[in-house]
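Going by the numbering used here, the sequence shown opens with residue 10, and the numbers climb by one from there.
Every residue gets a Cβ at the ideal spot worked out from N, C-alpha and C, and that includes glycine.
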Amino acid sequence: ISNRISLLRGYISFSRGSSSSGIQPPPPTKNPCPDGYISWYLNCYKLVEELATWNDAQDACKKQGGHLASIDMSYDQAFVAGVVLQGKADAWIGLRRMVDGSYSWSDGWPVFFTQWGPGEPTNHRQEGCVSMHASKWFHGTWNDTKCDHAKPYICKISSGTTPSPCKALTCHSCTLLLLL
Numbered sequence: 010i011s012n013r014i015s016l017l018r019g020y021i022s023f024s025r026g027s028s029s030s031g032i033q034p035p036p037p038t039k040n041p042c043p044d045g046y047i048s049w050y051l052n053c054y055k056l057v058e059e060l061a062t063w064n065d066a067q068d069a070c071k072k073q074g075g076h077l078a079s080i081d082m083s084y085d086q087a088f089v090a091g092v093v094l095q096g097k098a099d100a101w102i103g104l105r106r107m108v109d110g111s112y113s114w115s116d117g118w119p120v121f122f123t124q125w126g127p128g129e130p131t132n133h134r135q136e137g138c139v140s141m142h143a144s145k146w147f148h149g150t151w152n153d154t155k156c157d158h159a160k161p162y163i164c165k166i167s168s169g170t171t172p173s174p175c176k177a178l179t180c181h182s183c184t185l186l187l188l189l
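Dropping the structure here:
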């Protein structure tokens, strides 16, 4: 209801001496996302239920102009977790372990936020790619998984610009991002 109210808020007008309500229908809105994608905070997301390895899923997302989903704050985490729950199966996200043991998002976004499940990441048997749990006990938490497992995945097309990568949180652009 609040979305409808906010859409109508700009179209309600009052006039004295008129019995007309002054409410005019809002103009049709165009979805800023490609077909099959859901718009959320300047980004477009799509749950693909077709099973794929992490690399194949990333390639499929890139062909559509995006990447496997990066998650940079708790609001995005909650939204993506809701999308995963609809699919009822764990799904790939764009986080992957690098050779040095650090993690990196497939779209180049710095890793500021994580939502690891209990005891994760484990790197058990070379688990280097990350999926989001759909189970009711660990819903929305992240698990490092072998990259060659086939899972559904979430693509993200971002309209924002990726900040420059930072090695530490002392660089100027990272500090600004943390304050926002």
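- Rounded to whole angstroms, Ile163 and Trp49 show a C-alpha spacing of 13 Å.
- Each residue's CA atom was taken as its position, placing Gly103 and Cys156 some 11 Å apart.
- Rounded to the nearest whole angstrom, the C-alpha separation of Thr154 and Ile32 is 53 Å.
- Cβ contact annotation for Cys70 (same chain, cutoff 6 Å, sequence separation greater than five): His76, Leu77 and Cys164, in chain order.
- The beta-carbon separation of Leu60 and Gln95, rounded to 16 Å, does not stay under the 8 Å limit for a contact.
- For Ala90, no beta strand (DSSP E) encloses it; the enclosing alpha helix (DSSP H) starts and ends at Ser83 to Gly96.
- Here Asn132 carries a coil assignment [DSSP, helix/strand/coil].
- Going by C-alpha positions, Cys138 is about 18 Å away from Ser144.
- Here Pro127 is exposed: its Cβ has fewer than 16 other Cβ atoms, across all protein chains shown, within 10 Å.
- Around the beta carbon of Tyr84, fewer than 16 other beta carbons sit within 10 angstroms, so the residue counts as exposed.
- The C-alpha of Gln73 lies about 14 Å from the C-alpha of Pro41.
- Counting along the chain, the unbroken alpha helix (DSSP H) around Cys70 starts and ends at Trp63 to Lys72.
- A residue is called buried when at least 16 other Cβ atoms come within 10 angstroms of its Cβ; His142 meets this threshold and is buried.
- Of the candidates Trp146, His133 and Asp99, Asp99 places its Cα closest to the Cα of Ala159.
- Following the DSSP letters along the chain, one finds Lys160 inside the beta strand (DSSP E) bounded by residues Lys160 to Ser167.
- Under the three-state reduction of DSSP output, Ser48 falls in the strand class.
- Rounded to the nearest angstrom, the gap between the Cα atoms of Asn52 and Lys97 is 22 Å.
- In its chain, beyond the 5 residues on either side, Ser113 have a beta carbon closer than 7 Å to the beta carbon of Met107.
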